[in-house]
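K.L.:
Below you'll find the structure I mean.
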Amino acid sequence: MNSIQPVNIGLLGIGTVGGGTYTVLTRNAEEIARRAGRPIQVSFIADRDPERARALSGNACRITDDPFAVVADPAVDVVVELIGGYTTARELVMRAIENGKHVVTANKALLALYGNEIFAAAQQKGVIVAFEAAVAGGIPIIKALREGLSANRIEWVAGIINGTTNFILSEMREKGLPFAEVLKEAQRLGYAEADPTFDIEGMDAAHKATLIAAIAFGIPVQFDKAYVEGITKLEALDIQYAGQLGYRIKLLGITRRRQDGVELRVHPVLIPEKRLIANVEGAMNAVLVKGDAVGVTLYHGKGAGAEATASAVIADLIDVARAATTDPDNRVPHLAFQPDQLHDLAILPIEDAETAFYLRLTVDDKAGVLADITRILAGENISIDAMLQKEAEEGKGTTDIILLTHICREKHANAAIGKIEALPSVKGAVTRIRLETLGG
Ligand code: HSE
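Position 406, counted from 1, in the sequence shown is what this note's numbering calls 1612; the numbers after and before it change by one each time, with no gaps.
Shown next, in the form of C-alpha cells:
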C-alpha cells in the first residue's frame, strides 16, 4: 500500500454486517481517515445479490457476484470476509493471503477450525488477519486481551458470548416459560435464526471461546478439544430454583489455565446474582477476564447487529491501515504471543474440569434418604455448600432436593451422581448444572 493513497477494501458479503460496515465507513469517513491517517474506502463488493449491493453503494464502487474476482483484484488492499461458513470462506481467505492481501473477518467458525493454518499462511506472507468482530461483536475483547492486558498472566476468561441464548434464558427466567416456547418467540422476533442449532447447542459460543483461549494463553486454536453443551435441555424449574438460591443461569464460554492444562468449555452455569455479569440480560454479551495483575475486568456490549459488529470490523481496518507499512515482525501477533512462543498446554477433558455443582433430585419423602445422599457425596470427597428442600406436595410422597456442592473434579461428581441415581429412594435422573462463583 502506498502511504498517501486510500486503503481499498474488497467487501465479501453485503448482508447485515457487510451493510453495516459500508454504512459506518461512509458515515464516519472523515473521522476514520483522521484516525487511520488515510481514507478507507470500499472499492469492490462481491455479493450473491448484486442488486442489493448496488442499492446500498450506488455507483461508488465495482460490484460482482464472484468473490474470487475480489480476492484476485490487484487494486484491493484488504479483503473483508463477511460471508460466513468454512468452505468457500476458507478458500477465499487463503487465496487473499496468497495474493498478499490483508484480511479482516468476522468468521469465528472459520478461525476456530482453521485458524492455525490461516495464521501460519498470513505470517509467512507478512499479512494481517484481523478478527475483532468474530468474538462478542462490538465488544473490543480481542484488543483488550491481546494488547490492553498484555502485562498480565491471564488466569481465566468467562463470557456470555452468544446473544441468542442469553435472550432465551432471560425470557425463560422472567416469564417462567419452557425453552421450546421461548425459542419460538425468539425466532418470531428475529433474535434466533430459522435454524438456531449453532446458537442453542453452544457451537457459536464454543467457536468464540476457542479463539479467546488461544489469545489468552498463547496456545493454538483447538476447537475439537472444546467441551460444548447448549441450553436445549434446561428446564424453567431449575432457573426458578437457582433464583431462590441467589443464582442466575447463563450459557458461558469458560477457559481457565491450570498447572496441568487448560479448561475450555461451553455450558449452562449458575452464577451468583450479585455478580454484574449475572445481570446481563437479553441479547447482550459480556466477558470477564481475570489477570494476575489487574484482577477481574468486565467488558459489556452488543454481541451482534449491523453497526455494532461493523464497529469491530472497522477498528480492524484502521489497525490494518496503520500497520500495513510496518515490519510484520513488529506487529501485534495474531494469537497475541509470538508465533514461535506458543505453548502446547493440553486442553483438559471435561472429566478433569473443576467446578461446583447444582444438583436437583426427586426423592421419596422418608427418613434416611438425605443421609444416604450426603454419605455418597462425602465418599467422593464432595462437600455440600447449600441445600434447599421443597415441602412435599400432599399425597405425592416425593419431594425435590436441591444441593449446591463446593468445587470438585467433574469425574468425582459423575461417580457420586451415578451412585445417587442407583438409590431406590431417588426417582429418575439427577439434574446437574455446573456452578461458577467467578470471584476475584
Ligand atoms: N449468533 C450470534 C449470537 C451472533 O446470537 O450471539 C453472531 O456471533
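All C-beta atoms, glycine included, are put in the ideal place defined by N, C-alpha and C.
1. Which full runs of the beta strand (DSSP E) of 3+ residues lie inside the stretch 1308 to 1388, going along the chain?
2. I'd like to know whether the C-beta atoms of D1436 and I1406 end up nearer to each other than 7 Å.
3. Beta-carbon within less than 7 Å of I1483's beta-carbon, same chain only, minus the 5 sequence neighbours each way: which residues are those?
4. In the DSSP assignment, what residue or residues form a beta bridge with F1250?
5. From the DSSP output, which residues share a beta bridge with D1606?
6. For T1461 versus A1419, is the C-beta spacing smaller than 7 Å?
7. Pick from I1425, R1463, P1474 and F1429: whose alpha carbon is nearest that of A1442?
8. Taking contact to mean 3 or more Cβ pairs, one atom from each stretch, closer than 8 Å, check whether the stretch 1245 to 1256 and the stretch 1207 to 1224 are in contact.
9. What residue range is occupied by the uninterrupted beta strand (DSSP E) comprising V1282?
10. Given the structure, does D1410 come close to the ligand HSE, in the sense that its CB is under 6 Å from one of the ligand's heavy atoms?
11. Would you give the residue range spanned by the alpha helix (DSSP H) that L1298 belongs to?
12. Could you tell me which of V1632, Y1564 and I1347 sits nearest to L1541, measuring between CA atoms?
13. Kindly list the residues whose CB is nearer than 7 Å to the CB of G1224, restricted to its own chain and excluding five residues on each side of it in sequence; keep chain order.
14. Closest to V1282 by C-alpha separation, out of Q1247, E1257, K1314 and P1256, would be which residue?
15. For G1501, which residues in the same chain have their Cβ closer than 7 Å to its Cβ, ignoring the five residues on either side in sequence?
16. Within the present structure, is the beta-carbon of D1401 separated from the nearest heavy atom of the ligand HEM by less than 6 Å?
17. The ligand HSE and N1313: does any heavy atom of the ligand fall closer than 6 Å to the residue's C-beta?
18. Does the distance from the C-beta atom of V1341 to that of K1431 stay below 7 Å?
19. Between which residues of its own chain and G1369 is the CB-CB distance below 7 Å, once the five residues before and five after are set aside?
20. What's the gap between the Cα of A1275 and the Cα of R1301?
21. Measure from the alpha carbon of V1284 to the alpha carbon of each residue in I1524, E1513 and L1576, then state which is nearest.
22. Along the chain, where does the alpha helix (DSSP H) that runs through E1513 open and close?
23. In its own chain, which residues sit with a C-beta less than 6 Å from the C-beta of V1363, not counting the 5 before and 5 after it?
24. Any contact of the stretch 1613 to 1628 with the stretch 1579 to 1592, i.e. 3+ C-beta pairs under 8 Å?
25. Would R1233 be called buried (16 or more neighbouring beta carbons within 10 Å of its own) or exposed?
26. Beta strand (DSSP E) containing E1469: first to last residue?
27. Which residue marks the beginning of the alpha helix (DSSP H) containing A1420, and which one marks its end?
28. Quick check on the DSSP output: the beta strand (DSSP E) that includes H1506 runs from which residue to which?
29. Spatial neighbours of M1207 within its chain, please: CB distance less than 7 Å, with the 5 preceding and 5 following residues excluded, ordered by chain position.
30. In or out: S1589 buried (at least 16 other Cβ within 10 Å) or exposed?
31. Which same chain residues, not among the five before or five after L1355, have their C-beta less than 6 Å away from its C-beta?
32. G1408: buried (16+ other C-beta within 10 angstroms of its C-beta) or exposed?
33. Helix, strand or coil: how does DSSP classify I1210 here?
34. Strictly by DSSP, which residues pair up with N1491?
35. Taking the straight line between their C-alpha atoms, what separation do you get for L1231 and R1566?
36. Nearer than 6 Å: is that true of the beta carbon of D1405 relative to any heavy atom of the ligand HSE?
P.N.:
With the structure as the only source:
1. Here the runs fully enclosed are 1308 to 1311 and 1360 to 1366.
2. Counted from its first residue, the sequence shown places residue 1436 at position 230. Counted from its first residue, the sequence shown places residue 1406 at position 200. According to the sequence as given, residue 1436 is Gly; it is not Asp. Taking the C-beta atoms as reference points, I1406 is found nearer than 7 Å to G1436.
3. As a working note, residue 1483 is residue 277 in the sequence shown. Answer for I1483: I1366, I1477, A1492, L1494, L1504 and L1644, listed in chain order.
4. For the purposes of this step, residue 1250 is taken as residue 44 along the sequence shown, with counting starting at 1. As a beta-bridge residue in DSSP terms, F1250 pairs with G1216 and R1268.
5. Along the sequence shown, one-based indexing puts residue 1606 at 400. Beta-bridge pairing links D1606 to T1568.
6. Against the sequence shown, residue 1461 aligns to sequence position 255. Against the sequence shown, residue 1419 aligns to sequence position 213. Yes, the Cβ-Cβ distance between T1461 and A1419 is below 7 Å.
7. For the purposes of this step, residue 1442 is taken as the residue at position 236 of the sequence shown. Among I1425, R1463, P1474 and F1429, the Cα nearest to that of A1442 belongs to P1474.
8. The stretch 1245 to 1256 vs the stretch 1207 to 1224: in contact.
9. The residue you call residue 1282 lines up with position 76 of the sequence shown. Looking at the DSSP string, V1282 is not in any beta strand (DSSP E), and its letter there is neither H nor E.
10. Within the sequence shown, numbered from 1, the residue matching residue 1410 stands at position 204. Between the ligand HSE and the CB of D1410, the shortest heavy atom gap is smaller than 6 Å.
11. Here the question's residue 1298 lines up with position 92 in the sequence shown. Element bounds for L1298: T1294 to E1304.
12. Within the sequence shown, numbered from 1, the residue matching residue 1541 stands at position 335. Of the candidates V1632, Y1564 and I1347, the one whose C-alpha sits nearest the C-alpha of L1541 is I1347.
13. As a position in the sequence shown, residue 1224 is number 18, starting the count at 1. Within the same chain, G1224 has close Cβ partners L1217 and L1288.
14. Within the sequence shown, numbered from 1, the residue matching residue 1282 stands at position 76. Taking the Cα of V1282 as reference, the smallest distance to any Cα among Q1247, E1257, K1314 and P1256 is reached at Q1247.
15. Here residue 1501 is taken as the residue at index 295 of the sequence shown, counted from 1. The residues are G1646.
16. For the ligand HEM, the structure offers nothing, since it holds only the ligand HSE.
17. Sequence index remark: in the sequence shown, residue 1313 carries index 107 (1-based). Incorrect: N1313 has no Cβ contact closer than 6 Å to the ligand HSE.
18. Residue 1341 sits at position 135 when you count from the first residue of the sequence shown. Residue 1431 sits at position 225 when you count from the first residue of the sequence shown. At a Cβ-Cβ threshold of 7 Å, V1341 and K1431 do not count as neighbours.
19. Reading the sequence shown from its first residue, position 163 is the one you call residue 1369. Cβ within range, chain order: A1489, M1490, N1491, G1509 and A1510.
20. Walking along the sequence shown from the start, residue 1275 turns up at place 69. Walking along the sequence shown from the start, residue 1301 turns up at place 95. In this model, A1275 and R1301 are separated by some 11 Å (Cα to Cα).
21. Within the sequence shown, residue 1284 is the residue found at index 78, counting from 1. For the set I1524, E1513 and L1576, the Cα lying nearest the Cα of V1284 is the one of I1524.
22. Counting from one through the sequence shown, the residue named residue 1513 turns up at place 307. If you look at E1513, you'll find it in the alpha helix (DSSP H) that goes A1512 to A1529.
23. By one-based count along the sequence shown, residue 1363 stands at place 157. If we look at V1363 and ignore the five residues flanking it on each side, its Cβ neighbours are I1418, A1422, T1461 and V1495.
24. Yes, they touch.
25. Numbered from its first residue, the sequence shown carries residue 1233 at position 27. With fewer than 16 Cβ atoms within 10 Å of its Cβ, R1233 is classed as exposed.
26. Reading the sequence shown from its first residue, position 263 is the one you call residue 1469. Taken as a continuous stretch (DSSP letters only), the beta strand (DSSP E) holding E1469 covers G1467 to P1478.
27. Taking the first residue of the sequence shown as position 1, residue 1420 is located at position 214. Residues M1409 to F1423.
28. As a working mapping, residue 1506 is identified with position 300 in the sequence shown. Element bounds for H1506: G1501 to K1508.
29. Taking the sequence shown and counting its residues from 1, one reaches residue 1207 at position 1. Note that M1207 scores a pLDDT of 48, beneath 50, so its modelled location is shaky and nothing firm can be said.
30. The residue given as residue 1589 occupies position 383 in the sequence shown. Per the 10 Å Cβ criterion, exposed.
31. Residue 1355 sits at position 149 when you count from the first residue of the sequence shown. Counting only Cβ-Cβ distances below 6 Å, and skipping sequence neighbours, we find G1497.
32. Position 202 of the sequence shown, counted from the first residue, corresponds to residue 1408. By the neighbour-count rule (16 or more Cβ atoms within 10 Å), G1408 is buried.
33. Here residue 1210 refers to the residue found at position 4 of the sequence shown. Note: I1210 maps to coil in three-state DSSP.
34. Working through the sequence shown from its first residue, we reach residue 1491 at position 285. Answer is G1507, bridged to N1491.
35. For this step, residue 1231 is matched to residue 25 along the sequence shown. For this step, residue 1566 is matched to residue 360 along the sequence shown. Rounded to whole angstroms, L1231 to R1566 spans 51 Å at the Cα level.
36. As a working mapping, residue 1405 is identified with position 199 in the sequence shown. Flag set: Cβ of D1405 near the ligand HSE.
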